[in-house]
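Q: One structure, as structure tokens, below. Some questions next.
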Amino acid sequence: EIRFPLPLLLHCCIMAPGRQSLKRSNSVAANRVIQKKVRMSENEPTTNGVIATTRQVREPGIIMVFGDGDTGQLGLTMDVTEKSRPAVVPNVENIIDVAAGGMHTVCLTANHSLITFGCNDEGALGRDTNEEGSEAIPGPVEIPGKVVQISAGDSHTAALLDNGTIYIFGTFRDHHGSLGLLKANVEKLPILLESKMKFTKIASGCHHLALLGVDGNIYTVGSGEQGQLGRLSERQATRDCRQGSGQLLTPHLIRIKQKYTGKFVDIWTGSYNTLAKDVDGNIHVWGLNNYKQLGADEDTHFHPVIVKSFKGHTWTKISGGEHHTLCLDSKGDVYVLGRKEYGRLGLGQDSEDAIVPTKVEVCPGKKVVGISSGSFASFALVEDGSLYSWGQGSTMLGVGDEDDRWNPTLVKSKQLENRKIVQVESGGQHTVVLVHPSS
Numbered sequence: 002e003i004r005f006p007l008p009l010l011l012h013c014c015i016m017a018p019g020r021q022s023l024k025r026s027n028s029v030a031a032n033r034v035i036q037k038k039v040r041m042s043e044n045e046p047t048t049n050g051v052i053a054t055t056r057q058v059r060e061p062g063i064i065m066v067f068g069d070g071d072t073g074q075l076g077l078t079m080d081v082t083e084k085s086r087p088a089v090v091p092n093v094e095n096i097i098d099v100a101a102g103g104m105h106t107v108c109l110t111a112n113h114s115l116i117t118f119g120c121n122d123e124g125a126l127g128r129d130t131n132e133e134g135s136e137a138i139p140g141p142v143e144i145p146g147k148v149v150q151i152s153a154g155d156s157h158t159a160a161l162l163d164n165g166t167i168y169i170f171g172t173f174r175d176h177h178g179s180l181g182l183l184k185a186n187v188e189k190l191p192i193l194l195e196s197k198m199k200f201t202k203i204a205s206g207c208h209h210l211a212l213l214g215v216d217g218n219i220y221t222v223g224s225g226e227q228g229q230l231g232r233l234s235e236r237q238a239t240r241d242c243r244q245g246s247g248q249l250l251t252p253h254l255i256r257i258k259q260k261y262t263g264k265f266v267d268i269w270t271g272s273y274n275t276l277a278k279d280v281d282g283n284i285h286v287w288g289l290n291n292y293k294q295l296g297a298d299e300d301t302h303f304h305p306v307i308v309k310s311f312k313g314h315t316w317t318k319i320s321g322g323e324h325h326t327l328c329l330d331s332k333g334d335v336y337v338l339g340r341k342e343y344g345r346l347g348l349g350q351d352s353e354d355a356i357v358p359t360k361v362e363v364c365p366g367k368k369v370v371g372i373s374s375g376s377f378a379s380f381a382l383v384e385d386g387s388l389y390s391w392g393q394g395s396t397m398l399g400v401g402d403e404d405d406r407w408n409p410t411l412v413k414s415k416q417l418e419n420r421k422i423v424q425v426e427s428g429g430q431h432t433v434v435l436v437h438p439s440s
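Each residue of the sequence shown is one higher than the one before, counting from 2 in the numbering used here.
This is the structure:
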């Protein structure tokens, strides 16, 4: 397992290897420093052209949640600290996209505005939560523009606007503690990620952000200690180096050292790594690979490498946990890599670690249309709107108990009757699903 000094461990978006949930207490003092308006840069790009769009067009729906809610990430008030089966979040409607962070939830509405709830001790909600209990009540975030994509890490949130600009709030963290976002301080309200480049896609790991530029290149920002930035050597990848945190907190281009001159078309993240698909369908990976969750050779890759075992498939989505990775191909089949413990691979109790993409039988005869990785759990959404989960036993599996599931298990709930799930996103200790009425 990864071993971090205490300051980072207490704020990590994963649950500890000992299976006990990590609890973050909201800091009242930290919440007092709230600016009264969104800070705007004098150099803010202005364009009326649409550059970025939603990753997937969906009809608006409502959201349901399950898992740990002790910091308000379920949106069911602070009185509800746990749900073992899916429950509707009241008064949150017209949602087209969701993201689950370490201990917070982000929703994108049909009018392209944001709603957040959950832990806000380091600004991940992007709004004032000084009033007691307000962090557990879904509330709007003021962002000056039309948001089309969202992503959430342990203590940060990112929003991509249709004009290709990005707003972020919260903080990244490393083994020293809070790293900051654009500067070495927590951002309580949305701040523009200043860049001459416009972007088309975003993806968040626990403490880093990957960006796909309109030029087809990839840019990264955040913590780089496990190689997840893909552009710094091991010596340069911490703020202990001579350059300090400046090179970490400024988006920079990843330069592919291999003999490849093509462009990229998609990006995904795990907790501490990044994956990207190029125009030829190759999968490039970098970051933490200590259980071969990337399918590469070294335990850590500080620069991109192409993984040959990904060839032969057209990959439509990849989602990474701490030590495992889920992959969905164009045929609707799910493949896994990485560590077997607690059943997170879904290959059965007698399985071994998977060092190459290995097929999981989710629901024979039906295609899988969506996937999501929790830290030690996995989720697959089937074409009929049903959801399957497997992995470490906790309420975030949504199956009504806390037993490990070594094979895909159907998620059932009375509140799911006459409803169809269209998206699933799993965070550090909770899971969020977007649902529509059954046709």
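Just so it is clear, CB atoms sit at the ideal spot from N, CA and C, and this is done for glycine as well. From a predicted model like this one, the values you see are computed outputs, not experimental measurements.
Measuring CA to CA, which of A185, Y261, N218, Q237 is closest to Q227?
A: For Q227, the nearest C-alpha among the options comes from Q237.
Q: Identify every residue that forms a DSSP beta bridge with S390.
A: S390 pairs with F380, T410.
Q: Under 6 Å Cβ to Cβ from L210, same chain only, skipping five residues before and after it: list those, please.
A: So the list reads A159, V222, G223, once near-sequence residues are dropped.
Q: Rounded to whole angstroms, how far is the Cβ of G401 from the Cβ of Y343, which I believe are closer than 8 Å?
A: The Cβ separation is near 17 Å, so there is no contact.
Q: Does the segment 132-144 come into contact with the segment 199-207, if we say contact requires no fewer than three beta-carbon pairs (one atom in each stretch) closer than 8 Å?
A: The segment 132-144 vs the segment 199-207: no contact.
Q: Looking at the structure shown, is E136 part of a helix, part of a strand, or coil, going by DSSP?
A: Three-state DSSP puts E136 in a helix.
Q: Would you call the segment 415-423 and the segment 373-381 in contact, with 3 or more CB pairs under 8 Å?
A: Contact between the segment 415-423 and the segment 373-381 is absent, because fewer than three Cβ pairs lie under 8 Å.
Q: Where in the segment 217-284 do unbroken runs of the beta strand (DSSP E), each at least 3 residues long, occur, reported from the N-terminal end onward?
A: You should have 219-223, 265-270, 274-279.
Q: What distance in whole Å lies between the Cβ atoms of Q294 and L348, which are believed to be in contact at a cut-off of 8 Å?
A: With a Cβ gap of about 14 Å, L348 and Q294 do not count as contacting.
Q: Could you tell me the distance, in whole angstroms, from the CA atom of E235 to the CA atom of F303?
A: So the two alpha carbons sit approximately 7 Å from each other.
Q: Is the distance from the Cβ of S320 to the Cβ of A101 below 9 Å?
A: The answer is no: Cβ separation not under 9 Å.
Q: Checking the sheet assignment: what are the DSSP bridge partners for L210?
A: In DSSP, L210 forms a bridge with S205, V222.
Q: From this set, E403, I96, T130, which residue's C-alpha is nearest N112's C-alpha?
A: Comparing Cα-Cα distances from N112 to each of E403, I96, T130, the minimum goes to I96.
Q: What does V434 pair with, by DSSP beta-bridge criteria?
A: Paired residues: M65, V425.
Q: My assumption, with CB atoms under 8 Å, is that P409 sits in contact with V361. Please give the rounded CB distance.
A: Right, the Cβ-Cβ distance comes to about 7 Å (below 8 Å), so this counts as a contact.
Q: My output table needs one value for R25: the three-state DSSP class, helix, strand or coil.
A: Caution is warranted here: a pLDDT of 42 is assigned to R25, below 50, making its placement in the model unreliable, and the coordinate value is therefore given only provisionally. R25 falls in the coil class under three-state DSSP.
Q: Report all residues from its chain with a CB closer than 7 Å to the CB of V34; omit the five preceding and five following residues, and keep chain order.
A: In this prediction, V34 has a pLDDT of 30, which is less than 50 and means its spatial position is unreliable; nothing more can be read from the coordinates.
Q: Suppose you measure from the CA of G225 to the CA of K184; what does that come to, to the nearest Å?
A: Taking the straight line from one Cα to the other gives about 15 Å.
Q: Can you grab the Cα-Cα spacing for the pair T262 / D216, in whole Å?
A: Spanning the two alpha carbons is a distance of roughly 12 Å.
Q: Does the beta-carbon of G76 have 16 or more other beta-carbons within 10 angstroms, so that it is buried, or is it exposed?
A: Result: buried.
Q: Can you tell me whether DSSP reads K318 as helix, strand or coil?
A: It is a strand residue.
Q: If you drop the 5 nearest sequence neighbours on each side, which residues of the same chain put their C-beta closer than 7 Å to that of E45?
A: Model confidence at E45 stands at a pLDDT of 40, short of 50, so the residue's coordinates are unreliable; what they give is reported in the following sentence. Correct list, in chain order: L193.
Q: Can you tell which of G214, S152, M397, L250 has its C-alpha closest to the C-alpha of L180?
A: Measuring from the Cα of L180, the nearest candidate turns out to be L250.
Q: Using the rule of at least 16 other Cβ atoms within 10 Å of the residue's Cβ for burial, across every protein chain shown, is G124 buried or exposed?
A: Buried, because 16 or more other Cβ atoms sit within 10 Å of the Cβ of G124.
Q: Could you tell me which of V51, G68, E60 sits nearest to T396, measuring between CA atoms?
A: Residue G68 is the option with its Cα nearest to T396.
Q: How about V433 and I63: do their beta carbons lie closer than 9 Å?
A: For V433 and I63, no; Cβs fall outside 9 Å.
Q: Please list the terminal residues of the continuous beta strand (DSSP E) segment that includes D98.
A: Note, D98: beta strand (DSSP E), 96-101.
Q: With L109 and G119 assumed to form a contact (beta carbons below 8 Å), what rounded beta-carbon distance in angstroms separates them?
A: Wrong, their Cβ atoms sit about 15 Å apart, outside the cutoff.
Q: In the DSSP assignment, the beta strand (DSSP E) including G165 goes from what residue to what residue?
A: Run containing G165: none; DSSP gives neither H nor E here.
Q: Exposed or buried, G247, counting other C-beta atoms within 10 Å across all chains shown (16 or more means buried)?
A: G247 should be labelled exposed.
Q: Quick one: residues in its chain with C-beta nearer than 7 Å to the C-beta of G282, no 5 flanking neighbours on either side, listed in chain order?
A: Excluding sequence neighbours, G282 sits near T315.
Q: If you draw a straight line from the alpha carbon of G70 to that of V90, how long is it in whole angstroms?
A: About 12 Å.
Q: Assign L346 to one of three DSSP states: helix, strand, or coil.
A: Here L346 sits in coil by DSSP.
Q: DSSP has V286 in a bridge; who is on the other side?
A: Bridge partners of V286: L276, V306.
Q: Helix, strand or coil for L77? Go by DSSP, reduced to three states.
A: The answer is coil: DSSP assigns L77 none of H, G, I, E or B.
Q: Assuming L109 is part of the beta strand (DSSP E), what are its boundary residues?
A: Run containing L109: 105-110, per the beta strand (DSSP E) assignment.
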